[in-house]
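Chemist:
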Amino acid sequence: MDVQQQALGISAIAIHQPSWELDNGWFGDTMPRKFSHHTGIESRRISIDDEVTMGVLAVRRLQRETGCNLADCRGLVFVSPSFIPPSVAQQYLDPDEAESERTSRAANEVARALGMRQCRTVGINWFCCGYSRAVSLVTRRWAPRLGLKRDEFVLVVVATRISRITDYSCAQTAGLFGDMASATIISPAESRRHPVHFEILHADAEKVASDRATFDFHVATDVPVPQPGGGRTSDTARLVYSIDGMAIAEIAPRAMSAAVGKSIAAVGLTGDDVDFVVPHQAGTGIVRFAGMQLDGLGVRGEVINGLTRHAGNVSACSVPFALRETWGRLTGVIACPTAAVGSPGRAEVLQGCVLLRATTYHNRQSIVAA
4 MDVQQQALGI SAIAIHQPSW ELDNGWFGDT MPRKFSHHTG IESRRISIDD
54 EVTMGVLAVR RLQRETGCNL ADCRGLVFVS PSFIPPSVAQ QYLDPDEAES
104 ERTSRAANEV ARALGMRQCR TVGINWFCCG YSRAVSLVTR RWAPRLGLKR
154 DEFVLVVVAT RISRITDYSC AQTAGLFGDM ASATIISPAE SRRHPVHFEI
204 LHADAEKVAS DRATFDFHVA TDVPVPQPGG GRTSDTARLV YSIDGMAIAE
254 IAPRAMSAAV GKSIAAVGLT GDDVDFVVPH QAGTGIVRFA GMQLDGLGVR
304 GEVINGLTRH AGNVSACSVP FALRETWGRL TGVIACPTAA VGSPGRAEVL
354 QGCVLLRATT YHNRQSIVAA
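Under our numbering, the first residue of the sequence shown carries the number 4, and numbering increases by one thereafter.
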């Protein structure tokens, strides 16, 4: 197990989903006929709120559901995979616009909006691996320094609004992503106010070299843009991402499998010890292929799949969303692998994993709920 001053775990997760749901019918003939079959996606949520507002809404929901007192929060990690990376922002945006894309600035804005004035903050991107990177940051770097008291906690807030950088004229990528925000309480194992449901055994995220770049940004012209109620408008020029979908479909399953292998080895476990795999929900096809790769590692636990149907790929929100959706079913050791594109234009891929173990408290609460 990682060397840290205190054992930490996940106490609660809240999800904010925008009310606007865009179904596949909006795309008409521009959507490939087998899109839904390969991805499992039939609709996705689109947010008219920005990422900071979405993050605040997720935390407010967490407060309503748990009664948590934000005065007890010692740190806030804000994650947003839809923020424009600095290298791209400097190339395409004016200085004020580029400044607004800084995740560190957004983290401070979230904290101020929530009235959290005595709270350590940091903002990160890390694309679809943002959650595993954030949990790693909390357990490896912050925990030894913060020395959380029994009822104190750290928040990991994720807000993804990839709809604002989507090229809706691109048949390959237009329907992939949905918008969402999540808020996770990470508490000391001995917390009484926020009992831990899942002990964090290990968390990591890293960059790995690949044979080619699979991700970049460019300015697209005359891009159709959906409007609430099923209408559409058009952007004459829009900064959008581009992905090599075929390459990602090949790389991501191997990356997630490798991340699980490294995590279980780090804590002295084997594939047989894993009871559930809750992977990044990139799409049903990618998760199926990841399950095949994991089988080669001896991981026989149930692989959670199919949560993209009415959400889409929600990027760094994917793992907290999946944990929340399957909360009462999860027991034993749970591996949550993630995979993501690397920096724009670079031949790299990101991979990570959060390894959890259900606590006695969680198992008891699940039995009572059943």
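The beta carbon of each residue, even a glycine, is placed where N, CA and C say it ideally should be. These numbers come from a predicted model, not from an experiment.
Check H313 in the structure and name its three-state DSSP category.
Modeler: Correct three-state label for H313: coil.
Chemist: Does E193 pass the burial test, meaning 16 or more other C-beta atoms within 10 Å, or should it be called exposed?
Modeler: Classification for E193: exposed.
Chemist: In the DSSP assignment, the alpha helix (DSSP H) including M57 goes from what residue to what residue?
Modeler: 54-69 is the span of the alpha helix (DSSP H), which, as asked, contains M57.
Chemist: Name the residue from A314, T362, G271 whose alpha carbon lies nearest to the alpha carbon of S50.
Modeler: The shortest C-alpha separation from S50 is found at A314.
Chemist: Quick check on M259: does DSSP put it in helix, strand or coil?
Modeler: The answer is helix: DSSP assigns M259 an H, G or I state.
Chemist: Have a look at C122 and D298 and give me their C-alpha separation to the nearest angstrom.
Modeler: The alpha-carbon atoms of C122 and D298 are separated by roughly 42 Å.
Chemist: Which residue's Cα is closest to the Cα of P89: S83, G78, A101, L79?
Modeler: For P89, the nearest C-alpha among the options comes from A101.
Chemist: Determine the DSSP secondary structure at L395, reduced to helix, strand or coil.
Modeler: No information on residue 395 is available, as it lies outside the stretch 4 to 373 that the chain covers here.
Chemist: With a 10 Å radius around its C-beta and 16 neighbouring C-beta atoms as the bar for buried, classify M119 as buried or exposed.
Modeler: Per the 10 Å Cβ criterion, buried.
Chemist: For C131, which beta-bridge partners are listed by DSSP?
Modeler: Paired residues: none, contrary to the question.
Chemist: Where does H40 land, buried or exposed, given buried means 16+ other C-beta within 10 angstroms?
Modeler: The residue in question, H40, is exposed, as its Cβ has fewer than 16 Cβ neighbours within 10 Å.
Chemist: Which residues mark the beginning and the end of the beta strand (DSSP E) in which S194 is found?
Modeler: Neither: S194 is in no beta strand (DSSP E) and is coded neither H nor E.
Chemist: Given this structure, state the Cα-to-Cα distance separating G301 from F180, to the nearest angstrom.
Modeler: Their Cα atoms are separated by approximately 31 Å.
Chemist: How should I13 be labelled, buried or exposed, when 16 other C-beta atoms within 10 angstroms of its C-beta is the threshold for buried?
Modeler: So I13 counts as buried.
Chemist: Is the stretch 324-344 close to the stretch 225-233, with three or more CB pairs under 8 Å?
Modeler: Cβ pair count under 8 Å is below three, so no.
Chemist: What's the C-alpha gap between R143 and Q9?
Modeler: Their backbone Cα atoms lie some 11 Å apart in a straight line.
Chemist: With distances taken Cα to Cα, identify the nearest neighbour of E351 among G335, S213, L73, D238.
Modeler: Among G335, S213, L73, D238, the Cα nearest to that of E351 is on S213.
Chemist: Reducing DSSP to helix, strand and coil, say where V6 ends up.
Modeler: Residue placement at V6 cannot be trusted, given a pLDDT of 43 that sits under 50; the coordinates are not used to answer.
Chemist: Which residues in the same chain have their Cβ closer than 7 Å to the Cβ of T273, if we skip the five residues on either side of it in sequence?
Modeler: I267, G301.
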